[in-house]
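Comments concern the structure below.
There are 2 protein chains.
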Amino acid sequence: MTAFSFRVTHTDGGARRGQITTPHGAIETPAFMPVGTQGAVKAITHRDLESAGAEIMLSNTYHLYLRPGDDLIARRGGLHRFTGWTKPILTDSGGYQVFSLSARRTIDEQGAHFRSHLDGSAHSLTPEKAADIQAQLGSDMAMVLDECLAHPAELPAARASMERTLRWAYRARDRFLALREGLAPDVTVSNPGQAQFGIIQGSVFPDLREESARQTVEVGFEGYAIGGLSVGESNDVMYEMVGATTPWLPANQPRYLMGAGTPEDLVESVARGVDMFDCVLPTRNARNGQLFTSEGRINIKNLRYAEDDRPPDPACGCYTCRTCSRAYLRHLFAVGEINAATLNTLHNLSFYLDTLKRIRDAIAFGRFERFRLAFQQSLSRQPQDQ
Amino acid sequence: MTAFSFRVTHTDGGARRGQITTPHGAIETPAFMPVGTQGAVKAITHRDLESAGAEIMLSNTYHLYLRPGDDLIARRGGLHRFTGWTKPILTDSGGYQVFSLSARRTIDEQGAHFRSHLDGSAHSLTPEKAADIQAQLGSDMAMVLDECLAHPAELPAARASMERTLRWAYRARDRFLALREGLAPDVTVSNPGQAQFGIIQGSVFPDLREESARQTVEVGFEGYAIGGLSVGESNDVMYEMVGATTPWLPANQPRYLMGAGTPEDLVESVARGVDMFDCVLPTRNARNGQLFTSEGRINIKNLRYAEDDRPPDPACGCYTCRTCSRAYLRHLFAVGEINAATLNTLHNLSFYLDTLKRIRDAIAFGRFERFRLAFQQSLSRQPQDQ
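Residue numbers (the numbering used here), protein chains in the order written: chain U, 5 to 390; chain C, 5 to 390.
Next up, the structure:
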């Protein structure tokens, strides 16, 4: 009785336009998922997030597992009921934060063992445990636990890691199916319509990427993610790896490039058949005063904006651009007002979500290549205000 | 050609209901003015502020004079154009912050001399300068510079200070009229319809309060404020001083109690004929996790709310109460999310503004005394969650 489905409605070269259906509503793809680490996108309210055009929020399993805990959230009826966000939610597996945030972590075949970055308490995250936590959170899309390899990696290490991720994928899928069938009575399945995505690894080695993709597809998931990119490699390598992976993924299932990226990364990855993205760039940079605009990136704290009465982006129709000048935003940032973060975040997310909308429109009208070229040219023309 | 006017539409005992008209729209009174110190109410956007029911914002002259500067704001066309807040704005004179925030301040007959709390730069604030800055800001209501006396004060000091404030009132009014007539070409009058309020002082001495009121009214302003209260004296003394002042103020002009207070302070002061209030309590306490509710004050960070699925205030219809549980708000506060401040602020302001609306309705229906008694009883019943 899974309510999850995906259909491609248009293709244009390698790019696809489609729609994901979940128990909490539909998402037009290609889609960008704002990051709501702890059950809220930083600095804005859910209604601000909706006003920016978001159709889905990503939340982080590691953070929610530690605080307030997946048990507490399950007792509230799951993450949707707890947070009041009524649209779809995707949760990651927690693995990435274990690898990047936690203290004294060790990895073995069983899983990851670590101490909380908050209080030093000891925890283990296994493929089964990651599935259990996400079942309790009740997200609409759950991710398998994968091993996150540092970049750069040598081929033997990359192969070993990719193979371990594959073994973990089988365990994660088995657990997910057991949860769906009610065979784990100590776990609350908050969302019976949850889907599970496998993750392709293989570092920067095209052969490994192909092998990982073929074998992960054999496990059988509702969707597939490309992991281990946007971790320090060059743009060209990232695009090459995406291009080396998507041909081996099923055409009728969604593809998610994890953790990317800049607006140009999104456009280039859509060209290679990616349907979903998440990244902290628009939200984190907003809090630091960097705004993405159709005229390039601007740092609103610069003195040159102190008397600039133009909106942040004259081509943008978001609340911030409709009501605030650069001069006012600079003032709010300079004096340390909290709502500088709110207004900047609202704009950056609107810029990202609007870019995805323009991508979808271009695909629907068979004009994606033209859009992509114009986008590249506008970027190369723009002075980047760093 | 002043567009400022006030009319009382209903009276009920000492309480009055009315309407202030300004160049930027009308305000129903009794009114509460959220404090937007630096041209923005902390932690919320203007649209959030409007959604809470605010009809006017107060801004602080001292802060805006230092950053970004009244010259810069005047070049933008004034505070409304600069901030994008289109409804009425009242500015204070800057005096209170000079007395409470600035470094190495000295006061003489000329005015206040101080160093910026930001960079140590030297400044003087005189009655004329305070009028000039506010003319450049272009607020709808400007305040005269008064001397802010510390509490407690002996009678001789209180008399001397009250008399100086009165001499300053004449100078402030002279300058205001000169500005209105275009006699100060070096000052930009951003809002030709600006009104000016005098301020009654006199510490906790009823005779001084009466004398200050009578003589300030003789100067002649568009409205009158009661200053020097809510500075550490008891509630009863504050109410007594309000009651000792309002009888000497014109019935057909607005009365503004500066810096007060708790919801009960507002009700008690309305009973004594006050029309306008401002206070940082709802916004500052919100950022610290304290929520005003119809069931008493609650501290959302308390563990007892970790699994409380009720809204902050079941009787409130604000966005926060419609969409967030206490459990979720506690989580956001506990993990340090910025939007905890946003959501708490939105609720507290809604509670204040809704209380004022209920006061206005009660006055219109001749039921203010009943409302006041019920309000007092509900407060005495409530466990205060500190």
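Even glycine gets a Cβ: it sits at the ideal position worked out from N, Cα and C.
Beta-carbon spacing of residue i, residue j below 7 Å
{"i": "Arg-2(U)", "j": "Asp-389(U)", "result": "It is not possible to answer for residue 2(U), since the shown part of chain U is limited to 5 through 390."}
{"i": "Asp-312(C)", "j": "Ala-290(C)", "result": "no"}
{"i": "His-67(C)", "j": "Thr-41(C)", "result": "yes"}
{"i": "Gly-247(U)", "j": "Ile-203(U)", "result": "no"}
{"i": "Val-278(U)", "j": "Leu-261(U)", "result": "yes"}
{"i": "Ile-304(C)", "j": "Lys-46(U)", "result": "no"}
{"i": "Cys-152(C)", "j": "Phe-103(C)", "result": "yes"}
{"i": "Arg-334(U)", "j": "Tyr-356(U)", "result": "no"}
{"i": "Ala-275(C)", "j": "Arg-376(C)", "result": "yes"}
{"i": "Ala-139(C)", "j": "Val-191(C)", "result": "yes"}
{"i": "Pro-316(U)", "j": "Leu-295(U)", "result": "yes"}
{"i": "Pro-254(U)", "j": "Met-280(U)", "result": "no"}
{"i": "Ile-367(C)", "j": "Asp-16(C)", "result": "yes"}
{"i": "Ser-238(U)", "j": "Ala-264(U)", "result": "no"}
{"i": "Cys-74(C)", "j": "Leu-141(C)", "result": "Contrary to the premise, residue 74(C) reads as Asp rather than Cys in this sequence. For Asp-74(C) and Leu-141(C), yes; Cβs fall inside 7 Å."}
{"i": "Gln-205(U)", "j": "Asp-269(U)", "result": "no"}
{"i": "Thr-327(C)", "j": "Gly-88(U)", "result": "yes"}
{"i": "Phe-36(C)", "j": "Ile-24(C)", "result": "no"}
{"i": "Leu-353(U)", "j": "Pro-38(U)", "result": "yes"}
{"i": "Glu-244(U)", "j": "Phe-8(U)", "result": "no"}
Paired residues, beta bridge with residue i - DSSP
{"i": "Ala-44(C)", "result": "According to DSSP, Ala-44(C) bridges with nothing at all."}
{"i": "Tyr-332(U)", "result": "Partner(s): none; Tyr-332(U) has no beta bridge."}
{"i": "Phe-36(C)", "result": "Phe-281(C)"}
{"i": "Arg-259(U)", "result": "Tyr-228(U)"}
{"i": "Leu-129(C)", "result": "Ala-116(C)"}
{"i": "Arg-163(U)", "result": "Looking at the DSSP assignment, Arg-163(U) forms no beta bridge with any residue, so it has no partner."}
{"i": "Met-61(U)", "result": "Ile-93(U)"}
{"i": "Asp-16(C)", "result": "Ala-19(C)"}
{"i": "Gly-29(C)", "result": "Thr-26(C)"}
{"i": "Thr-349(U)", "result": "BP columns for Thr-349(U) are empty, so no partner."}
{"i": "Ala-295(C)", "result": "According to the sequence displayed, residue 295(C) carries Leu and not Ala. Looking at the DSSP assignment, Leu-295(C) forms a beta bridge with Ile-302(C)."}
{"i": "Phe-10(C)", "result": "Ile-24(C)"}
{"i": "Gly-202(C)", "result": "Tyr-228(C)"}
Below-7 Å beta-carbon distance, residue i vs any chain C residue
{"i": "Thr-87(U)", "result": "yes"}
{"i": "Glu-299(U)", "result": "no"}
{"i": "Glu-341(U)", "result": "yes"}
{"i": "Gln-294(U)", "result": "no"}
{"i": "Thr-26(U)", "result": "no"}
{"i": "Ala-56(U)", "result": "no"}
{"i": "Thr-49(U)", "result": "yes"}
{"i": "Lys-46(U)", "result": "yes"}
{"i": "Phe-10(U)", "result": "no"}
{"i": "Gly-22(U)", "result": "no"}
7 Å Cβ cutoff, residue i in contact with chain U
{"i": "Gln-101(C)", "result": "no"}
{"i": "Asn-303(C)", "result": "no"}
{"i": "Gln-42(C)", "result": "yes"}
{"i": "Ala-248(C)", "result": "no"}
{"i": "Thr-346(C)", "result": "yes"}
{"i": "Met-5(C)", "result": "Low confidence applies here, because Met-5(C) scores a pLDDT of 46, under 50, leaving its location unreliable and the question unanswered by this model."}
Report the residues of the segment 316 to 339 of chain C with a CB closer than 7 Å to any CB of chain U, ordered along the chain.
-> Tyr-323, Thr-327, Cys-328, Ala-331, Tyr-332, His-335, Leu-336, Ala-338 and Val-339
Would you check if the segment 129 to 137 of chain U and the segment 80 to 90 of chain U touch, i.e. whether three or more CB-CB distances between them fall below 8 Å?
-> no
Give the residues from the segment 58 to 81 of chain U that approach chain C closer than 8 Å (Cβ to any Cβ), ordered along the chain.
-> His-67, Arg-71, Pro-72, Leu-76, Arg-79 and Arg-80
Should the segment 162 to 181 of chain C be called in touch with the segment 135 to 151 of chain C, which here means at least 3 C-beta pairs below 8 Å?
-> yes
Would you list, in chain order, the members of the segment 113 to 132 of chain C that have their beta-carbon closer than 7 Å to a beta-carbon of chain U?
-> none
Would you be able to state if there are at least three C-beta pairs under 8 Å between the segment 112 to 123 of chain C and the segment 178 to 198 of chain C?
-> no
Check whether the segment 219 to 231 of chain C touches the segment 249 to 268 of chain C, taking contact to mean three or more Cβ pairs, one atom from each stretch, closer than 8 Å.
-> yes
Touching by the beta-carbon criterion (3+ pairs, under 8 Å), the segment 94 to 108 of chain C and the segment 48 to 67 of chain C = yes
contact_flag[the segment 317 to 329 of chain C, the segment 373 to 385 of chain C] where n(CB pairs < 8 Å) is 3 or more = no
Using 8 Å as the threshold, is the segment 144 to 163 of chain C in touch with the segment 196 to 216 of chain C, meaning 3 or more CB pairs across them?
-> yes
Can at least three beta-carbon pairs, one atom from the segment 202 to 218 of chain U and one from the segment 153 to 163 of chain U, be found at a separation below 8 Å?
-> yes
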